[in-house]
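Worksheet: one structure, shown below.
In our numbering, the protein residues as written are 27 to 185.
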């Protein structure tokens, strides 16, 4: 990917992250989360996404912003899933993966998939009786395999 296209993607992802943060805050408010949880998400989001926005618009570290976006999505997903701990918010793992595919970079996609697997296992361990209440332990393998398969399919780039 040439540098100009990468700059355009960085700016696009910056805008999408702000939009995602706004939606995340709406979900937090709609589900009646405490003001503390909302403020943690808001302040973390502003700092991380603000940094990505500044770097994107100033054209600094352009090649590495995509990895910062992956980490930002992982952190924001963690905060939202942790506060609401429902299976529907778990789908943010796949949303994050979908956003990263806009970079068309296998490494960034694989990193996002790895973070998704980590989040899957962490939340399965923390919330087995609420978030994953209808699933047995063997379903964890299915969640991991499915996420791994989707990640590999998205990361595969035939020449």
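Built from N, CA and C at the ideal position, the CB exists for glycine as well. Note that the coordinates shown come from a computational prediction; the quantities given were computed from them, not determined experimentally.
- Straight-line spacing of the CA atoms in residue 135 and residue 88 works out to 17 Å.
- If you keep only unbroken beta strand (DSSP E) runs of at least 3 residues inside the region 89 to 152, you get nothing at all.
- If you look at residue 59, you'll find it isn't in any alpha helix (DSSP H); DSSP assigns it neither H nor E.
- Judged by beta-carbon spacing, residue 49 lies beyond the 8 Å limit of residue 75, meaning their Cβ atoms are not closer than that value.
- A contact is defined here as three or more CB-CB pairs under 8 Å, and the region 141 to 152 meets this definition with respect to the region 165 to 182.
- When C-beta atoms of the region 125 to 133 are compared with those of the region 146 to 161, fewer than three pairs fall below 8 Å, so the two segments do not count as touching.
- Annotated as proximal: residue 68 and residue 51, with beta-carbon spacing under 8 Å.
- Linking residue 70 to residue 102 through their CA atoms gives a straight-line distance of about 8 Å.
- No Cβ-Cβ contact shorter than 8 Å links residue 33 with residue 109.
- Per DSSP, reduced to three states, the secondary structure at residue 168 is helical.
- Inclusion of residue 106 and residue 118 in the CB contact set at 8 Å is warranted, their separation being smaller than that value.
- Per the C-alpha coordinates, the member of 56, 86 and 61 positioned closest to residue 36 is 86.
- Taking a C-beta distance under 8 Å as the contact criterion, residue 137 and residue 95 do not qualify as a contact pair.
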